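Okay, structure first, notes after.
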Amino acid sequence: MRFFRTGFVRAFALVSVVCACGPQEGADPPSSGALLGEARAAAVTGHRAFRVMTYNVRGPLDTGVRAWPNRKAAVIQRILANNADVVGVQEAQAPAGGPSVPADLIAGLTGADKPYAVYNPGGGSPKLIFFKKSRFETAPEVGQGNEALVNPYSASATCFSHAEGKKISWVGLRDLTSGQVYFVANTHFAYAAECSLGRLKEAAQMAAFLASKPGGLPVIAMGDFNADAQGQSTPGESTIEDLESGAKLFRTARFDGTTGEDDATFNNAWDGTPSTNYSRLDYIFHNGGALTSSAPGIDRTESGGNTPSDHYPVLATIRPAIFAAGSTFSPTPNGASASTQLFFADVTGDGCADRITWNSTVGEGETWVAKSKCDGGFATAVKNAGATSGVATTRFFFADVTGDGCADKVLWRPTLGDGEVRIYPSKCDGGFGDRVSVFQAASQSESTRLFFADVTGDGCADLLRWNPKERSGAFETFVAKCGATPSFGAAVRSTEGANTSEGTRVYFADVDGDGKADRVLWNPAQDGGRTRVYRSTGAGAFAFAFAHDAGTSGVDTTRFYFADVDGDGKADKLFWRPTFRQGRMQIYPSAGTNFAGSPVMDNTGYSGSENAAFFFADIDGRGGADKVYWNPGNYDGDTKVFRSLEP
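When you line the sequence shown up against my numbering, it's residues 1 to 647, in that order.
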């Protein structure tokens, strides 16, 4: 089992008005350069979270209780009830002689006493884009338009009518709370499983359009794409993947395996004949950068025994990203070797975590320190003299046990000496002093786990010991005495949360923001795979605080991390498994008394490799823990730092 360490913590391995005179068809900005120049001239203060909804309302195709006049009030109610800031609507048809869906929606959602304004591109089935008047206004320098999508079929082909008249409506919207301008697009691709060629061509065209037309603006794209590579309707079809890769877009919600009832966005029981052919056809995308998403949702509310449409409303919160999309590469000594171990801790006392590497099979098993440049990069690594080990079972730790602001070097191996803990005080220059042996927590058991974390809040890392086979699984704290010479007090035993399972993972991090590291436990076979937090009492003992009901896992290969990535002083929960959500990390921000109920999607530095390792430490000294990615098989073993965008 690989150990992951972060700082002190050792852990196993978030106002326009309705245009009644018709659309400005194809209205374009003067040029991409002018668009960028004018948009950037706005009083932009950064992204602020807002809610987006995409909804295929189904055109006036039905009779009886499902006829549009009988369900339009319910459709409008779903939009109002979800209270999204931006809403894209598909199948808003206005057939000759029939009920006008767009007119009804506009009448029900816009006007002096209604919350929304709308961009109506016109046409037989306009892709309406509604936006809250209190939150957004149109951005004239960007404009608005209605891009026609290709129909690759001959007029005699069955799929011709399914792909005919498809368009991308788009509009520039300015956030009134920040001045940030967004390029918002709404579309509807060809339908029917046999018409995959049409969707693939549409995806290629839309990808090219979104890669150039927005001129560098952040993009929000949504719609009914009629494709689900994970479902039974269009298995293996690459429409969504092609759109993502071609336009560098990111889905706001991901899942693994085959589409099931909880993931479907199409109501396959609409016609009264339920089946298990579940399909996810509706998506919301953004183009990353300083943006990410959280709180995805599917509204399955029924009215009169059925949903108002054969599609469910799909929602997501667009919000500022946690980590910067750009990364910093740094050569790592022996980084291409799977035997290399990495650590991140501030050994120089400048507030920026340095990188330490160790490989028992290289040289004498010395450690190498690469000082942080406080910008995401590291200086050339320098070899440390002393405290070497050529034994792979040796365990190193780096934590400030003396309280001088510089992380000290700790070495322990149960078969070394009498199992004592050996501490080499930091010289605060990247080097370490002479050995000081500590015997209070000595152990010769391979099952013993040692941890270093400041659980008392005095600025010195305390020594914690746990052995599931001893003391009935209770935890012991040896409080640091905070002196120039490393020393610790007598053991303080905590039976709260005692655990006798070898499969339990233990972490220490300040979850509640009181300056003292709390204890977090996770065992995939216990408590439904929930993480359990035990609050530090400040004297070495712990009291149960809460169990987190979201972000649970019963899979042993799941990896949890606990670090303050948003810079608010509270350690957040990060969930990653290479086979889960296509290797994307999920971040559950801490509120102090619990972690968030839904995650923030992290699209930076994702990986589907079991060999990937992640670390979290404040590399640049700005307060938020940065993310470090390392995989010995990638990038010549170099480390990549994705800097926290907070605070």
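Ideal Cβ positions, reconstructed from N, Cα and C, are used throughout, including at glycine.
Predicted model only: the values in this text are computed from it and were never measured.
Measuring only between beta-carbons, confirm whether residue i sits less than 9 angstroms from chain B.
i: Thr273; result: The chain labelled as chain B is not found in the depicted structure, where only one protein chain is given.
Residues in its own chain within less than 8 angstroms of residue i by CB, not counting five upstream and five downstream?
i: Lys481; result: Cys460, Ser487, Phe488 and Gly489
i: Ala550; result: Tyr588, Phe595, Ala596, Gly597, Ser598 and Pro599
i: Cys177; result: Residue 177 is actually Thr in this sequence, not Cys. The answer, listed in chain order, is Arg48 and Arg135.
i: Gly64; result: Asn70
i: Pro313; result: Met53, Thr54, Tyr55, Arg78, Ile79, Asn82, Ile298 and Asp299
If you follow the alpha helix (DSSP H) that residue i is in, where does it begin and where does it stop?
i: Phe209; result: Ser196 to Ser212
i: Lys72; result: Trp68 to Asn82
i: Thr485; result: Run containing Thr485: none; DSSP gives neither H nor E here.
i: Thr357; result: Unbroken run through Thr357 is the beta strand (DSSP E), Asp354 to Trp358; no alpha helix (DSSP H).
i: Gly160; result: It is worth fixing the name first, because residue 160 is Phe in this sequence and not Gly. First-last of the alpha helix (DSSP H) with Phe160: Phe160 to Ala163.
i: Ser649; result: Residue numbering for the chain in the displayed model covers 1 to 647; residue 649 lies beyond these limits and cannot be assessed.
i: Pro102; result: Val101 to Leu109
Please report the distance separating the alpha-carbon of residue i from that of residue j.
i: Gly390; j: Lys516; result: 35 angstroms
i: Tyr635; j: Ile322; result: 23 angstroms
i: Ala453; j: Gly538; result: 12 angstroms
i: Asp566; j: Leu105; result: 40 angstroms
i: Asn603; j: Pro333; result: 27 angstroms
i: Gly124; j: Ser100; result: 10 angstroms
i: Asp354; j: Val362; result: 21 angstroms
i: Thr495; j: Arg519; result: 12 angstroms
i: Asn631; j: Arg577; result: 14 angstroms
i: Ala525; j: Thr393; result: 26 angstroms
i: Phe131; j: Val171; result: 11 angstroms
i: Thr388; j: Phe343; result: 15 angstroms
i: Gly431; j: Phe50; result: 48 angstroms
i: Arg559; j: Arg584; result: 12 angstroms
i: Gly108; j: Leu200; result: 35 angstroms
i: Leu315; j: Val86; result: 10 angstroms
i: Gln230; j: Ala203; result: 17 angstroms
i: Phe285; j: Ala73; result: 28 angstroms
i: Leu149; j: Ala185; result: 13 angstroms
i: Ile423; j: Gly592; result: 33 angstroms
i: Trp412; j: Thr340; result: 17 angstroms
i: Pro218; j: Glu147; result: 18 angstroms
i: Ala381; j: Thr367; result: 10 angstroms
i: Gly165; j: Lys570; result: 51 angstroms
i: Gly22; j: Ala103; result: Caution applies to Gly22, whose pLDDT of 32 falls short of 50 and renders its modelled position unreliable; the value that the coordinates give is listed next. Going from the Cα of Gly22 to the Cα of Ala103 covers about 12 angstroms.
Quick one: residues in its chain with C-beta nearer than 6 angstroms to the C-beta of residue i, no 5 flanking neighbours on either side, listed in chain order?
i: Ala295; result: Thr317 and Ser598
Which term fits residue i, buried or exposed, when burial requires 16 or more other beta carbons within 10 angstroms of its beta carbon?
i: Phe329; result: exposed
i: Gly335; result: buried
i: Val479; result: buried
i: Asn226; result: buried
i: Lys469; result: exposed
i: Gly260; result: exposed
i: Lys410; result: It should be noted that the sequence gives Val, not Lys, for residue 410. Val410 should be labelled buried.
i: Gln688; result: Nothing can be reported for residue 688, as the shown portion of the chain is limited to 1 through 647.
i: Phe508; result: buried
i: Glu194; result: exposed
i: Ala43; result: The predicted model places Ala43 with a pLDDT of 41, which falls under 50 and marks its position as unreliable, so this point remains unresolved.
i: Lys383; result: exposed
i: Asp429; result: exposed
i: Asp434; result: exposed
i: Asp556; result: exposed
Tell me which same chain residues have a C-beta within less than 7 angstroms of the C-beta of residue i, skipping the five on either side of it?
i: Phe580; result: Asp256
i: Gly528; result: Thr552
i: Asp638; result: Phe329, Ser330, Pro331, Thr332 and Gly335
i: Val75; result: Val57, Pro308 and Ser309
i: Ala543; result: Glu496, Tyr534, Arg535 and Thr537
i: Asp620; result: Cys352, Cys374, Asp375, Gly376, Asp626 and Arg643
i: Ala379; result: Ala370, Lys371 and Lys373
i: Leu645; result: Ala290, Pro320, Ala321, Ile322, Phe323 and Ala324
Along the chain, where does the beta strand (DSSP E) that runs through residue i open and close?
i: Phe50; result: Phe50 to Asn56
i: Pro296; result: Leu291 to Ile298
i: Leu521; result: Asp518 to Trp522
i: Gly223; result: Val219 to Asp224
i: Arg422; result: Val421 to Tyr424
i: Lys127; result: That residue, Lys127, is in no beta strand (DSSP E); it is neither H nor E in DSSP.
At a cut-off of 8 angstroms, is residue i close to the ligand ATP when judged by its beta-carbon and the heavy atoms of the ligand?
i: Phe183; result: What this structure holds is no ligand at all, so the ligand ATP is not there to describe.
Contact between the region 267–281 and the region 203–210 is defined here as three or more beta-carbon pairs at a separation below 8 angstroms; is this criterion met? no
Counting Cβ pairs closer than 8 angstroms, one from the region 183–198 and one from the region 152–159, do we hit at least three? yes
Across the region 357–372 and the region 300–320, are there enough close Cβ pairs to call them in contact, namely three or more that are closer than 8 angstroms? no
Stretch pair the region 234–242 + the region 553–568: three plus CB contacts closer than 8 angstroms: no
Count the C-beta pairs between the region 469–477 and the region 410–422 that are closer than 8 angstroms, then say yes if the count reaches three, no if not. no
Taking three-plus beta-carbon pairs below 8 angstroms as touching, is the region 276–292 in contact with the region 336–348? no
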